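**Student:** Numbering (numbering that gives the first Met the number 0), first residue to last: 0 to 191. Input: one structure, supplied below.
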Amino acid sequence: MLLPIFRTPAQGAILATLLLEPGREASIADLARRAGVAAPNALREVNKLINAGVLQDRRVGRSRLVSANKMSPFVEPLTQILSRTHGPVRVTRDALADLPGVELAVIIGSWAARALGHGGHPPRDLDVIVVGDPPTRQLRRINAHLEEALAMPVQITVVPPADWREGRAGFIQAVKERPMLTVVDRTGGTPT
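Right under this line is the structure:
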């Protein structure tokens, strides 16, 4: 866990899902799916966050829609924290998901290590490996967008697919031996 300040990982994931996408409303089932938690856990966490005034809900027919409570004094600072603790994976995935020529994208370095529970200093930047042949101009725009959205330096390194698969270069060997988080995978389940 990057910063263990949330009561549970489910709570952090639910808050990230709602607070990092301003104006987003979600049903409990959709929220559970997007946050990657079981529906009963999502319901329990949502109820606690509504009682604390961080989230709000409304009924539309039989559906219960949940969103951030913009009137809560805690939403803005929580959003800032969540953008550092949960934002890089979500924002990087969204930015690279539709970029042509991307076979695989992984977050590496200190950010990946902390997110996967390895100790160390808080990350100051974000390192991303893109395996493929994406359009250079679009990738530069995405890099600038990520730096602005995450308020930290972002380094994107492009690796040709054959080099990644062969893994002979020292840099690629080192990357594959260390923690990494997959954000885009179009390899058919064979990212190595």
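Don't be surprised by glycine CBs; every beta carbon is placed ideally from N, CA and C. Please read all numbers here as calculations on a predicted model, not as lab measurements.
#1: Between Asp29, Arg32, Val88, Arg43, which lies nearest to arginine 6 when the distance is taken from Cα to Cα?
#2: Along the alpha helix (DSSP H) that carries glycine 86, what are the first and last residues, could you check?
#3: Name the one or two DSSP bridge partners that histidine 155 has.
#4: When the Cβ atoms of the region 168 to 181 are set against those of the region 106 to 117, are three or more pairs found closer than 8 Å?
#5: Using 8 Å as the threshold, is the region 12 to 26 in touch with the region 52 to 65, meaning 3 or more CB pairs across them?
#6: Roughly how many angstroms lie between the CA atoms of lysine 69 and glutamate 102, to the nearest whole one?
#7: For isoleucine 80, name the three-state secondary structure that DSSP assigns.
#8: For threonine 135, count neighbouring C-beta atoms within 10 Å of its own C-beta (all shown protein chains included) and say buried if the count is 16 or more, exposed if not.
#9: With DSSP as the reference, label isoleucine 4 as helix, strand or coil.
#10: Please classify arginine 177: does DSSP put it in a helix, a strand, or coil?
#11: Does the region 75 to 82 come close enough to the region 153 to 163 to have 3 or more Cβ pairs within less than 8 Å?
#12: Touch check for the region 84 to 95 and the region 33 to 40: three-plus C-beta pairs under 8 Å?
#13: Specify the secondary structure class of leucine 103 as computed by DSSP and reduced to three states.
#14: Is the beta carbon of leucine 125 closer than 9 Å to that of methionine 151?
#15: Just to confirm, are alanine 41 and alanine 9 a CB contact at a threshold of 9 Å?
#16: Name the residue from His120, Glu75, Ala173, Gly118 whose alpha carbon lies nearest to the alpha carbon of isoleucine 128.
#17: Beta carbon of valine 74, beta carbon of valine 45: below 9 Å?
**Tutor:** Once the coordinates are examined:
#1: The sequence position of residue 6 within the sequence shown is 7, counting from 1. For the residues Asp29, Arg32, Val88, Arg43, the minimum Cα distance to arginine 6 belongs to Arg43.
#2: Sequence index remark: in the sequence shown, residue 86 carries index 87 (1-based). Segment 86 to 95, the alpha helix (DSSP H) holding glycine 86.
#3: Residue mapping note: residue 155 aligns to position 156 of the sequence shown, counting from 1. Per the sequence presented here, residue 155 reads as isoleucine, with histidine not at that position. DSSP output for isoleucine 155 lists Val127 as bridge partner(s).
#4: yes
#5: yes
#6: Sequence index remark: in the sequence shown, residue 69 carries index 70 (1-based). Sequence index remark: in the sequence shown, residue 102 carries index 103 (1-based). Each residue's alpha carbon lies about 38 Å from the other.
#7: For the purposes of this step, residue 80 is identified with residue 81 of the sequence shown, where counting begins at 1. Isoleucine 80: helix per DSSP, three-state reduction.
#8: As a working mapping, residue 135 is identified with position 136 in the sequence shown. It is exposed - the Cβ of threonine 135 has fewer than 16 other Cβ atoms within 10 Å.
#9: Residue mapping note: residue 4 aligns to position 5 of the sequence shown, counting from 1. In the structure shown, isoleucine 4 sits in coil (DSSP, three-state: anything other than H, G, I, E or B).
#10: Counting from one through the sequence shown, the residue named residue 177 turns up at place 178. The answer is coil: DSSP assigns arginine 177 none of H, G, I, E or B.
#11: no
#12: no
#13: Numbered from its first residue, the sequence shown carries residue 103 at position 104. Three-state result, leucine 103: strand.
#14: Numbered from its first residue, the sequence shown carries residue 151 at position 152. Numbered from its first residue, the sequence shown carries residue 125 at position 126. In contact: methionine 151 and leucine 125 (Cβ atoms closer than 9 Å).
#15: Numbered from 1 along the sequence shown, position 42 holds the residue referred to as residue 41. Numbered from 1 along the sequence shown, position 10 holds the residue referred to as residue 9. Yes, the pair counts as a contact, with Cβ atoms nearer than the cut-off.
#16: In the sequence shown, residue 128 corresponds to position 129, counting from 1. The candidate whose alpha carbon is nearest that of isoleucine 128 is Ala173.
#17: As a position in the sequence shown, residue 74 is number 75, starting the count at 1. As a position in the sequence shown, residue 45 is number 46, starting the count at 1. No; because the gap between Cβ atoms is not below 9 Å, this pair is not in contact.
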